[in-house]
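The structure appears below as structure tokens.
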Amino acid sequence: PRCMYHSSSYCRTFHKLEQQHATKKKTRTAEATVMAATIAAAAATSGVVATTAATMSVNDEDLNVTPKTTTTEVSFPSKDGSFRLYGDLTLPGTTSSSTTKKVPAVLFLSGSGPIDRYGNVPGFFTGFRLETHRRFAQQFSCNMAVLSYDKRGIGKSTGSTRNQRGRVLYDTAGADDLVEDAVQAVLFLANHPQIDDSKLVVMGHSEGAILVPWVLRQANQVLEQQQKQPIKGCIFLSGIGEDIYTAMALQRERVLEEVQDEPGLQGWVLRKAVTKQKLDKQYNDLMEKIFDDPKTKDMDAIPMYCGMVKLNAKWFRTHKEYKAQEDLVHVTCDCLAITGQKDIQVRASLCEQSERFLKKAKSVEHHEPENLTHLLRSTTDKNPKLIHLKQDYPKMGKQPLDSELMGWIEDWCQRKII
220 PRCMYHSSSY CRTFHKLEQQ HATKKKTRTA EATVMAATIA AAAATSGVVA TTAATMSVND
280 EDLNVTPKTT TTEVSFPSKD GSFRLYGDLT LPGTTSSSTT KKVPAVLFLS GSGPIDRYGN
340 VPGFFTGFRL ETHRRFAQQF SCNMAVLSYD KRGIGKSTGS TRNQRGRVLY DTAGADDLVE
400 DAVQAVLFLA NHPQIDDSKL VVMGHSEGAI LVPWVLRQAN QVLEQQQKQP IKGCIFLSGI
460 GEDIYTAMAL QRERVLEEVQ DEPGLQGWVL RKAVTKQKLD KQYNDLMEKI FDDPKTKDMD
520 AIPMYCGMVK LNAKWFRTHK EYKAQEDLVH VTCDCLAITG QKDIQVRASL CEQSERFLKK
580 AKSVEHHEPE NLTHLLRSTT DKNPKLIHLK QDYPKMGKQP LDSELMGWIE DWCQRKII
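Numbering (the working numbering), first residue to last: 220 to 637.
So this is what it looks like as structure tokens:
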């Protein structure tokens, strides 16, 4: 749920193993816990993975906000029409079905992992409630609509009432499939009677930020065919100029540094359990299974541990083929990039170079807030660590989104979009 880049099925495997061995001796338990975190980093995790596709919803009272918007469940077809994607469309309080005035809209693209329309990872044991998308829709004070949706195979976007159908959809979803779904969401907004199709914004978080240029390129082609204007703006949150594989390498390096700096007995145990050799071997074994093993290199989803879980190999392969930095050069709309200096999953230094990546953009603005984390919340922790994410992120999920972050987005939308 932390929207780190990862193979969600791979991450789930190690969380299951951690649960199975929880009763073993303390040293083994500590090792399993750390290895779950490091493998999440090695596979560029976005967090623990749900074993169910149940959608989690909350009341406005739970978020401690005053309802100023109208949220309606909507759905739109997949590109091939084989299933529908479900989500929430939040309209400004001044907009209703009886009004004729149209409003601009923001499409929220999720980070990696089995994330639903609210920004949660569903699941009884391994799910996390973060409410990132819903908090954004509720805190967003601009006169704009916000659309977020359940990823394919998650929540109601299963194509069937059978859970197995949803698991297959998610476990075999490549980056190209995620882009196709996002394009369908853009087209839904562009043809909605209450949305101003000339003022659309695509906002991506984490993996979603990586895919924004790809979505813009494909969506604009279809919009042109429909004689509609191109997407007016895009927002990159928690990452720009990264790709999945550079993020994976960065996170492995940071985990090793953190383990070396960890004090006391726990640090000693971690240094025995987590070494560069082990992390490199885990990563190389993973890559071999995905790309080189004759038995598995052509599988979209690779069965692991007697078939109990599936490794989404297609996700890795399609991200390997995608050249994110090269695609950024072709973005021509107004752009905003925000990555926090307390974001330990990507590099804020790349956000500072946004103009270099977005050479053809109409305009480029970027911010690197001092205390902003990958979860779009601020932290007072002077030295947040990847190996502590399992403890830190659920706590952050209870906080509202960073007010400075929201202020920058709202100001930019007022000036560039509305």
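Glycine included, each C-beta is placed from N, C-alpha and C at the ideal position. All figures in this text were calculated on a predicted structure; none of them were measured in a lab.
Classification of residue i by the beta-carbon crowding that lies within 10 angstroms, buried from 16 upward
i, result
"K542", "exposed"
"S622", "exposed"
"F359", "buried"
"L419", "buried"
"K533", "buried"
"N410", "exposed"
"C525", "exposed"
"A241", "Because A241 carries a pLDDT of 37, less than 50, the predicted location of this residue cannot be relied on, and the following value inherits that uncertainty. Under this definition A241 is an exposed residue."
"K375", "buried"
"E443", "exposed"
"F302", "buried"
"P513", "exposed"
"S573", "buried"
"F614", "For clarity, residue 614 is Lys in the given sequence; the question names Phe instead. So K614 counts as exposed."
"G483", "exposed"
"D480", "exposed"
Residues near residue i by beta carbon distance below 6 Å, same chain, minus five either side
i, result
"L555", "I454, E584, W631"
"L310", "T289, A364"
"M625", "Q358"
"D416", "A409, K447"
"P588", "G559, E623"
Residues bridged to residue i [DSSP beta-bridge criterion]
i, result
"C554", "C453, V583"
"T291", "L308"
"V322", "I414"
For residue i, the three-state DSSP class (helix, strand or coil)
i, result
"R371", "coil"
"P311", "strand"
"G626", "helix"
"S573", "helix"
"F327", "strand"
"S568", "helix"
"F302", "coil"
"P603", "coil"
"H352", "helix"
"F347", "strand"
"I636", "coil"
"K418", "strand"
"L430", "helix"
"M523", "strand"
"A401", "helix"
"A364", "strand"
"G483", "helix"
"V548", "coil"
Close Cβ partners of residue i (< 7 Å) along its chain, the five nearest in sequence each way excluded
i, result
"P522", "K529"
"V398", "L430, W433, V434, Q437"
Beta-carbon contacts of residue i that lie in its chain and below 8 Å, excluding the five residues immediately before and after
i, result
"I509", "T515, K516, I521, L530, A532, F535, R536"
"N439", "P449, I450"
"I637", "P323, C361, N362, M363, K418"
Residue i at chain D interface by Cβ criterion, 8 Å
i, result
"T289", "No chain D appears in the structure shown, which is made up of a single protein chain."
Does the count of Cβ pairs from the segment 364 to 377 and the segment 458 to 467 closer than 8 Å reach three?
no
Contact between the segment 537 to 552 and the segment 429 to 437 is defined here as three or more beta-carbon pairs at a separation below 8 Å; is this criterion met? yes
* To do: May I ask you to verify whether the segment 560 to 578 touches the segment 603 to 618, counting CB pairs closer than 8 Å and requiring at least 3?
  => yes
Assess, as a yes-or-no matter, whether the segment 497 to 508 is touched by the segment 468 to 476 under the definition of 3 or more beta carbon pairs within less than 8 Å.
yes
Inter-stretch contact at 8 Å, needing at least 3 Cβ pairs: the segment 401 to 410 / the segment 288 to 307: yes
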